[in-house]
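Step one of this worksheet: look at the structure below.
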Amino acid sequence: MPKRNCSFTDVMKAKYPCFRSGRHDREAECITCGGGTYISVAHNGALDLEAHIRTSKHVKNVRGESSSMKLSDFFITPCSKIDDSVSAVEGTLAFHAVKHHHSYKSMDCSCRLVKTILSDSNIARKISCAQTKTEAIVNSVLAPHSVDVVVKALSCVRFCGVATDGSNHGSQKLFPILIYYFDWKNGGLQSKLIDVHITPDETAESISTCIKNTLDRHSLFQKCIAFAGDNCNTNFGGVQLRAAGQNVFANLKKMKGKSSGNGTLVEIGCPAHVLNNCIQHGADTLDVDIESIVLKIYNYFSIYTVRTEHLKEYCEFVEVEYRQLLYHCKTRWLSLFPSIHRMLQMFPALKSFFLSQEEPPAVIRNFFENDFSEIYLWHMHSLMNVFHSHIEKLERDNNSLLEVMNCLKSVQSALTCRAQQSFMSLKVKELLKKLRQDGLDDHCDAFCSQVASLYTTCLEYLEMWTVPLEEFTVFSWMAFTKIPSWDEVLATVAYLKEKEIDIDDSKCFDQFCNLKRFVESNQNEDFEKLLSHEKWVKYFNRCKTEECFSELLIIAEYFFAIPSHNANNTEQVFFP
0 MPKRNCSFTD VMKAKYPCFR SGRHDREAEC ITCGGGTYIS VAHNGALDLE AHIRTSKHVK
60 NVRGESSSMK LSDFFITPCS KIDDSVSAVE GTLAFHAVKH HHSYKSMDCS CRLVKTILSD
120 SNIARKISCA QTKTEAIVNS VLAPHSVDVV VKALSCVRFC GVATDGSNHG SQKLFPILIY
180 YFDWKNGGLQ SKLIDVHITP DETAESISTC IKNTLDRHSL FQKCIAFAGD NCNTNFGGVQ
240 LRAAGQNVFA NLKKMKGKSS GNGTLVEIGC PAHVLNNCIQ HGADTLDVDI ESIVLKIYNY
300 FSIYTVRTEH LKEYCEFVEV EYRQLLYHCK TRWLSLFPSI HRMLQMFPAL KSFFLSQEEP
360 PAVIRNFFEN DFSEIYLWHM HSLMNVFHSH IEKLERDNNS LLEVMNCLKS VQSALTCRAQ
420 QSFMSLKVKE LLKKLRQDGL DDHCDAFCSQ VASLYTTCLE YLEMWTVPLE EFTVFSWMAF
480 TKIPSWDEVL ATVAYLKEKE IDIDDSKCFD QFCNLKRFVE SNQNEDFEKL LSHEKWVKYF
540 NRCKTEECFS ELLIIAEYFF AIPSHNANNT EQVFFP
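Structure representation (structure tokens):
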């Protein structure tokens, strides 16, 4: 009786997944060994498959397969749950890199690190978010989405302001464009980056064109009511030529005049820049250039280990703790005060060091040979403390123009009091007293004259550069430092009318009465600590409907859309 041939059954397929059907039912094809490897099962059935699995060829192919990834591993099933999870992780990693200013190149390492740490995760194994893909996600997904979110929020807001600042990036000139607006439903004052332009030059025409094109692209130019930048001539043409000539503000104002929109354009210079220049102009009246001395002494030690070690020996000799000298950059507003403070901490050691050198730099030698060298440092330290503390307040996040104006007013008041009283710190007076005892009365009187000239120069400069802010004093009542009056609000309504912004004064009066009652009921310490825009947010949230504050909201949206300065958010694009 002839023997019956075996067939490759479904049971065998399930038991041996590395085989599939062959050319006929009595044959199987080995997937592991590649196409064309057919195994006959006609005689022994499953035993034939077992025999093939034990062959050296199959064993070798199994090892090779385990050490390499399948092509299917590189694909994700469309619309699957794991697809969404992987995309979310890759987007999060890309956002994290941008948030913390990591280079795209670092993502090559980060991606591999995540896979190694989370090797048991199916999601982690499928992440492929290295340098190129991260850049693509940021440029093509995150950036457009962030701009869309801002534009959507601005669709419900009447006014916005724009600010920019330039910085060199290699051979390119970068200009970030930030939008300021007031959204009471989302915390109040907002500042958002919507674009970064690369221009071959930094002419007023090219900058103003970039700003207008960006705003037009998002339908924001008609809503723009203010431009902010630093006080360079390119932006404003100097303190006397703001609305005329070839500068960014003048160009934008002309463009704004040709388009239909909300009111006319107002300009805001950088108050932190004004304070920085103010103290520099005042210091120029002194016989000693303190800023140059600070830089000169720092550079003398900065890259010389031997000199630093010798200075440490002098510190030990005069019993002064050694501290590393601090660098001062002329364009960084907060660096001079710490630099002077550090020099004063080590003054005895520095003086002994340089006067004992055979050939020190002539400028430094002359400074330390001057009997008044320490006095100059102490007086500048005292004066810089005023500017330093106020600039720190200016650079706080979410400062409105009210906080900035109050800060400048505080500096002006402090300088006026010092000038009237011919103020000098106790340390300066103590050192002057010793010099007078040594018979240097004439030199001491000359120093006192320089101090008076210093205060006068600072005040004159500050008064000149704060003139453009005087028009905004009609909004001072919005800080709620005292109970507002209707006359103050009426002055604001008249100002806005000049800017072609209509306010219904009848409705506004009724709404003002409610606002006045709110302010009267919130005269407490917690309310006073709030920033001005936060106080308005609190009021709007307290009202039942927008009809209760519709006209007041127009005033708030206009004023808080004016950028206070460009020293915080705009410059932080370059100096996070």
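So the sequence shown is numbered by numbering that gives the first Met the number 0: it starts at 0 and just counts up by one. Yeah, the Cβ is synthetic: ideal placement off N, Cα and C, and Gly gets one too.
For residue j and residue i, the rounded distance between their alpha carbons
i           : j           : result
residue 225 : residue 266 : 6 Å
residue 88  : residue 126 : 8 Å
residue 425 : residue 431 : 10 Å
residue 120 : residue 85  : 11 Å
residue 527 : residue 159 : 26 Å
residue 412 : residue 405 : 10 Å
residue 293 : residue 365 : 14 Å
residue 90  : residue 144 : 12 Å
residue 51  : residue 30  : 12 Å
residue 478 : residue 492 : 16 Å
residue 115 : residue 99  : 22 Å
residue 37  : residue 25  : 10 Å
residue 164 : residue 437 : 52 Å
residue 228 : residue 161 : 9 Å
residue 440 : residue 277 : 30 Å
residue 212 : residue 485 : 40 Å
residue 518 : residue 105 : 52 Å
residue 134 : residue 219 : 27 Å
residue 62  : residue 7   : 25 Å
residue 378 : residue 429 : 12 Å
residue 555 : residue 407 : 22 Å
residue 349 : residue 464 : 38 Å
residue 0   : residue 15  : Unreliable positioning characterises residue 0 in this predicted model, as indicated by a pLDDT of 45, which lies under 50. The coordinate reading is nonetheless provided below. Whole-angstrom Cα-Cα distance: 31 Å.
residue 334 : residue 310 : 22 Å
residue 140 : residue 466 : 44 Å
residue 206 : residue 217 : 17 Å
residue 142 : residue 118 : 30 Å
Sequence-distant residues of the same chain with beta carbon closer than 8 Å to residue i, five excluded per side
i           : result
residue 376 : 289, 339, 342, 343, 346
residue 351 : 313, 316, 317
residue 40  : 5, 6, 7, 11, 25, 26, 27, 47, 48
residue 628 : Since the first and last residues shown for the chain are 0 and 575, residue 628 lies out of range.
residue 182 : 152, 155, 156, 189
residue 110 : 92, 126, 127, 128, 129
According to DSSP, residues forming a beta bridge with residue i
i           : result
residue 96  : Note: residue 96 sits in no beta bridge, so no partner.
residue 38  : 27
residue 198 : 172
residue 191 : 178
residue 159 : 223
residue 20  : 27
residue 166 : 173
residue 266 : 226
Own chain, CB closer than 7 Å to residue i, minus 5 neighbours either side, in chain order
i           : result
residue 32  : 56, 57, 60
residue 403 : 270, 393, 563, 564
residue 209 : 174, 196, 198
residue 384 : 336
residue 64  : 31
residue 541 : 517
Residues near residue i in its chain [Cβ-Cβ closer than 6 Å; skip 5 each side]
i           : result
residue 476 : 483, 487
residue 21  : 27, 28, 37
residue 417 : 454
residue 582 : Nothing can be reported for residue 582, as the shown portion of the chain is limited to 0 through 575.
residue 274 : 386, 390
residue 382 : none
Report yes or no: do the segment 508-518 and the segment 550-562 share at least 3 C-beta pairs separated by less than 8 Å? yes
Decide yes or no for the touch test of the segment 317-327 against the segment 384-391: beta carbon pairs closer than 8 Å, at least 3 of them. no
Counting Cβ pairs, one atom from each stretch, are 3 or more of them under 8 Å apart for the segment 38-47 and the segment 4-22? yes
Can we say the segment 160-177 touches the segment 190-205, given the rule of at least three CB pairs closer than 8 Å? yes
Which residue spans inside the segment 352-439 form an unbroken alpha helix (DSSP H) run of at least 4? 361-368, 372-393, 400-420, 425-436
Any contact of the segment 297-314 with the segment 487-496, i.e. 3+ C-beta pairs under 8 Å? Contact between the segment 297-314 and the segment 487-496 is not established, with fewer than three Cβ pairs separated by less than 8 Å.
Tell me whether the segment 414-421 and the segment 450-466 touch, counting them as touching only if at least three CB pairs, one residue from each stretch, are closer than 8 Å. yes
Could you tell me which whole alpha helix (DSSP H) segments of length 4 or greater appear in the segment 475-523? Listed in chain order, the complete alpha helix (DSSP H) runs (minimum 4 residues) inside the segment 475-523 are 485-497, 504-519.
May I ask you to verify whether the segment 435-453 touches the segment 519-537, counting CB pairs closer than 8 Å and requiring at least 3? Taking a contact to require three or more Cβ pairs closer than 8 Å, the segment 435-453 and the segment 519-537 do not qualify as touching.
Which runs of the alpha helix (DSSP H) spanning at least 4 residues fall entirely within the segment 95-133, listed in chain order? 105-116, 121-124
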